[in-house]
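Heads up: the sequence shown begins at 1 in full-length UniProt numbering, then just goes up one per residue.
A virtual CB, placed ideally from N, CA and C, is assigned to each residue, including glycine.
Below: one structure, written as structure tokens.
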Amino acid sequence: MRLVLVGPPGAGKGTQAQFLAAHYSIPHISTGDIFRANLKAGTPLGLQAKGFMDKGELVPDSVTNEMVKDRLTHDDVANGFLFDGFPRNVAQAEVLRAILAEKKTPLHAVLEFSLANEEIVARLSSRRTCKECGQPSVGHDKCPQCGGDVYQREDDKAEVIARRLEVYQEQTAPIVSFYRNEGLLITVGALGSVEDITAHAISALSRVSE
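What follows is the structure, encoded as structure tokens:
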């Protein structure tokens, strides 16, 4: 199964990505993981990215796209993959389509997790992150995973969340229309328990032909 996950911040993409990747036995690939792997290995692309990051600048799409293209040559994607956080815009979506067309391995589906802005603000502003393991949680004074102290990240504060949603609408939301026009979009409501949302996603994807 070859999948892309999209949705606003706070819709639970990261959590669902882990469950879906495990269910389909495919790698969960995030741009953050790709960046870290290239930086750690000191690859030419990693060094390029580091140059921009050290100056506090965004890594250009051209560098990110090349990292993604390289990642898709690894053996573990032979039976599929799940992209989380890529593509972030229509230009990247077009690049991914071209890369996969060249390999004759097009996407099976793009899963959009949909959630109302009011729910996103409520969910994220109540989220806390563990200082020790980085695991997010809601309604806990201590991390339920490792018992570490928790804190509120700057980007989980209401005014920052509002700006993140604006950025999402401007930059990332257009890829929803792009993939709808491609006939690949499947929308799943992201309100409910993690287990229910995962079950709905798997049910929707079961109708996608291999």
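| message | Helix, strand or coil, according to DSSP, for Phe86 in the structure here? | response | coil
| task | Would you kindly check if the distance between the Cβ of Leu165 and the Cβ of Ile197 is under 9 Å? | result | no
| said: Determine whether the beta carbon atoms of Val194 and Phe19 lie at a separation below 9 Å. | reply: yes
| Within this structure, are the beta carbons of Ala41 and Thr64 separated by less than 9 Å? | no
| task | Taking the CB atoms as reference points, tell me whether Pro174 and Asn89 lie closer together than 9 Å. | result | yes
| field | Own chain residues within Cβ distance below 6 Å of Lys104, not counting five before or after | value | none
| query | So, Asp155 versus Lys131, is the Cβ gap smaller than 9 Å? | reply | no
| task | Give the DSSP bridge partners of Lys50, in chain order. | result | In the DSSP output, where bridge partners are listed per residue, Lys50 has none listed.
| field | From Met53, His140, Leu205 and Val68, residue whose alpha carbon lies closest to that of Val95 | value | Val68
| request: Give every residue of the same chain whose Cβ lies closer than 7 Å to the Cβ of Thr15, excluding the five residues on either side of it in the sequence, and list them in chain order. | output: Val194
| said: For a test of the three-state rule: what should DSSP assign to Pro136, helix, strand or coil? | reply: strand
| Cβ neighbour criterion (16 or more within 10 Å) applied to Leu45 | buried
| field | Whole-angstrom distance between Leu58 and Ala21, CA atom to CA atom | value | 28 Å
| Residues sharing a beta bridge with Gly189, DSSP | Ser114
| request: Identify the continuous beta strand (DSSP E) that holds Arg128 and give its terminal residues. | output: Arg127 to Cys130
| query | Can the beta-carbon of Phe204 be found less than 9 Å from the beta-carbon of Ser114? | reply | Reading off the sequence shown, one finds Ala at residue 204, where the question assumed Phe. Not in contact: Ala204 and Ser114 (Cβ atoms no closer than 9 Å).
| task | If I'm right that His108 touches Arg2 with Cβ under 8 Å, what's the distance once you round it to whole angstroms? | result | 5 Å
| message | Against chain C, with Cβ distances strictly below 9 Å, would Asp33 count as a contact? | response | In the displayed structure, chain C is absent; only one protein chain is listed.
| request: Buried or exposed for Asn38, please, with buried defined as at least 16 other CB atoms from any protein chain shown within 10 angstroms of its CB. | output: buried
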